[in-house]
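This report concerns only the one structure given below.
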Amino acid sequence: MPFHARRASKNRAWRYRHIVALGCFVGGIAFASPSMASPWTVPDDEFSLSLAYDFQFASQEYLRNSTRQNFPLEGEFASSNISLGGRYGFNDQLEGFFQLNFKQVSYASRSFLPELQPTAGQPTVEETRAGIQDFSDSSVGAGDIFLGGRYNLHSGTLQVAVEGLAKLPTGYEDPTGTTVTRGDGQIDLQPSLLLGAYISPTASFARLDAGYNVRFGGPGHQATGALRVGQFIGESVILLAGVSGAYTIFEGRSVDGESNFVATDPDIPYQEFGADDFEIRPLYLDRSFAKAEGGVIFRLRRLELQLAYSYVFWGENIPALHGLNVTSIASIPDATSRREDEDVAPSEEIIEEVIIEEVPVEDE
């Protein structure tokens with residue numbers, strides 16, 4: 000990630016620590032809905048509970064001009080996220096969902112000793128120790144909360160649904176320039192149109208999502224989209240693949256009181272790194288990305304296990320993230336006992352039970 004610090008005179012700028020807030024969308028990533036948006040809503044009075052673990056890591060970043068480069072000082076970014084999510088069908092067309100996140104974010108890099116300017120003679124031991132710069136940092140605690148709803152407009156060979164999603168920050172520290180953070184500390188509202196089709200002869204399906212993410216608090220708004228395909232292998236295994244992304248359609252305002260310090264050459268050895276190896280730029284929370292993803296789902300009656308991998312292969316102002324995800328899902332039909340169980344045709348049941356969840360490319 001670029002180096003971020005509070006505005007200060009240039010001879011003091013390098014003294015501030017590295018921030019990796021833009022890597023915590025990831026949350027998003029984000030970046031993304033707490034569930035892989037699907038026009039197939041959960042059935043009436045069914046409750047789906049998911050528990051997911053998502054691990055993301057990167058040793059490279061994309062700058063705001065999409066230039067890809069290594070993190071300075073052999074830096075490495077890592078994020079672990081545990082999420083608890085739920086979906087409930089108010090009827091066969093309308094569902095609501097939520098996701099709670101607990102996140103640990105860290106950035107580790109080599110420390111360095113810039114050229115010191117002692118008051119007289121050689122630097123003292125105290126001056127040397129005080130001058131050592133270490134950008135490594137970590138943060139752990141609650142991440143963003145996601146709330147939303149989905150309404151199925153049309154059922155049949157083509158499924159059509161609309162979705163509304165809200166991302167709400169919790170009490171973590173807002174991006175400043177002195178610490179790592181677990182998110183951007185601002186609200187997102189994202190309406191989306193969801194299309195899907197199940198191809199019965201081949202036991203496969205395809206989904207297309209398109210949305211508009213309104214980012215309050217300064218960042219530019221995003222156009223979002225995803226294309227995913229799936230293939231049933233029998234009734235217990237589903238293979239998945241797809242691409243998703245977000246594109247910032249206009250530049251937001253910079254973060255007040257913050258500056259972005261970018262290493263002019265991130266491959267400079269840490270033994271030679273100094274205060275003159277930075278450029279000072281405004282700090283923005285705008286992000287764009289394109290991500291490839293693939294995985295497999297194992298189904299056993301009302302239980303599902305998903306294993307997935309994702310990679311951010313293009314971006315702006317975001318790490319080149321690798322992501323590993325493990326999700327377990329349990330579905331409870333007739334959760335409130337307000338209706339009698341209904342017979343469901345096997346082909347319909349298979350589609351309705353494919354509840355594919357993913358943790359958001361943190362924010363963050």
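The letter at position 213 of the sequence shown is residue 212 when you use numbering that gives the first Met the number 0, and the numbering goes up by one with no holes. Note that CB positions come from ideal geometry on N, CA and C, so glycine has one too. As the structure is a computational prediction, the values presented were derived from the model and not from experiment.
Original post:
What number of angstroms, rounded off, separates the C-alpha of alanine 329 from the C-alpha of glutamine 59?
Top reply: 36 Å
Original post:
Roughly how many angstroms separate the alpha carbons of valine 295 and alanine 240, rounded to a whole number?
Top reply: Whole-angstrom Cα-Cα distance: 9 Å.
Original post:
When burial is assigned at 16 or more other CB atoms within 10 Å of the CB, is phenylalanine 145 buried or exposed?
Top reply: buried
**OP:** Reducing DSSP to helix, strand and coil, say where tyrosine 157 ends up.
**Re:** Before going on, a small fix: residue 157 reads as leucine here, not tyrosine. DSSP places leucine 157 in strand when its eight states are reduced to three.
Original post:
With a cut-off of 8 Å, do at least 3 Cβ pairs link the region 210-229 to the region 179-196?
Top reply: Touching, yes.
Original post:
Which word fits isoleucine 248, buried or exposed, when buried means at least 16 other C-beta atoms lie within 10 angstroms of its C-beta?
Top reply: exposed
Original post:
CB-CB under 6 Å to phenylalanine 56, same chain, minus the five flanking residues each way: which ones, in chain order?
Top reply: Answer for phenylalanine 56: Ala77, His321, listed in chain order.
Original post:
For glutamate 234, which of helix, strand or coil comes out of DSSP?
Top reply: coil
**OP:** Below 6 Å CB to CB, which residues in the same chain sit around tryptophan 313 once its five sequence neighbours on both sides are set aside?
**Re:** Ala289
**OP:** Label valine 25 either buried or exposed according to how many other C-beta atoms from any shown protein chain fall within 10 Å of its C-beta, with 16 as the threshold for buried.
**Re:** Any reading at valine 25 is ruled out, since the residue's pLDDT is 39, under 50, leaving its predicted position unreliable.
Original post:
In this structure, what does DSSP give as the bridge partners for alanine 240?
Top reply: Val228, Gly293
**OP:** Just the C-alpha distance for proline 91 and glycine 210, rounded to the nearest angstrom, thanks.
**Re:** Here the sequence assigns aspartate to residue 91, which means proline is not the residue at that position. About 23 Å.
Original post:
If you check the beta carbons only, do glutamate 315 and serine 336 fall under 8 Å apart?
Top reply: no
**OP:** Return the CA-CA distance between asparagine 10 and threonine 169, expressed in angstroms with no decimal places.
**Re:** A caution first: asparagine 10 carries a pLDDT of 34, below 50, which makes its placement in the model unreliable, though a value can still be read off. Distance between the alpha carbons of asparagine 10 and threonine 169 is about 35 Å.
Subject >> Of the listed residues Pro174, Gly85, Arg280, Glu172, nearest to isoleucine 331 (C-alpha basis) >> reply: Gly85
Original post:
What did DSSP end up calling threonine 201 once you bin it into helix, strand or coil?
Top reply: helix
Subject >> C-alpha distance - serine 37 paired with serine 105, whole-angstrom precision >> reply: 32 Å
Subject >> Neighbourhood of isoleucine 349 by C-beta, 6 Å cutoff - its chain only, sequence neighbours within 5 removed >> reply: Its pLDDT being 43, under 50, isoleucine 349 is placed unreliably in this model, and the coordinates cannot settle the point.
Subject >> Three-way DSSP call (helix, strand, coil) for leucine 192 in this model >> reply: DSSP, read as helix, strand or coil, puts leucine 192 in strand.
Original post:
Which residue from Leu62, Ser108, Gly142, Gln68 puts its Cα closest to that of asparagine 80?
Top reply: Gly142
Original post:
If you count every other CB in all the chains shown that lies within 10 Å of the CB of leucine 164, and 16 or more means buried, which is it?
Top reply: buried
Original post:
Quick one, are the C-beta atoms of leucine 193 and aspartate 208 less than 8 Å apart?
Top reply: Cβ atoms of leucine 193 and aspartate 208: closer than 8 Å.
Original post:
With burial defined as no fewer than 16 other Cβ atoms inside 10 Å of the residue's Cβ, what is the status of isoleucine 28: buried or exposed?
Top reply: Here isoleucine 28 scores only 41 on pLDDT, less than 50, and its place in the model should not be relied on; the value that follows carries that caveat. Buried is the call here.
Original post:
What's the C-alpha gap between leucine 238 and isoleucine 279?
Top reply: 46 Å
**OP:** Identify whether proline 71 lies in helix, strand or coil by the three-state DSSP scheme.
**Re:** helix
Subject >> Limits of the beta strand (DSSP E) - the one that aspartate 136 falls within >> reply: 136-141
Original post:
Less than 8 Å separating the beta-carbons of tyrosine 246 and alanine 225?
Top reply: Taking 8 Å as the Cβ cut-off, tyrosine 246 and alanine 225 do not qualify as a contacting pair.
Subject >> Cβ shell of glutamine 230 (< 6 Å), same chain only, five flanking positions each side left out >> reply: Ser203, Leu238
Subject >> Cβ shell of glycine 95 (< 6 Å), same chain only, five flanking positions each side left out >> reply: Tyr87, Gly148.
**OP:** Can you tell me the Cβ-Cβ gap for arginine 206 and arginine 227, rounded? I've got them flagged as a contact below 8 Å.
**Re:** Confirmed, about 5 Å.
**OP:** Scan the region 38-111 and note each continuous beta strand (DSSP E) run of 3 residues or more that stays entirely inside, going in chain order.
**Re:** 46-57, 59-61, 67-69, 75-88, 93-107
Original post:
Assuming tyrosine 283 and arginine 63 make a contact with CB atoms under 8 Å, what is their CB distance in whole Å?
Top reply: Indeed they touch by this definition, with Cβ atoms about 7 Å apart.
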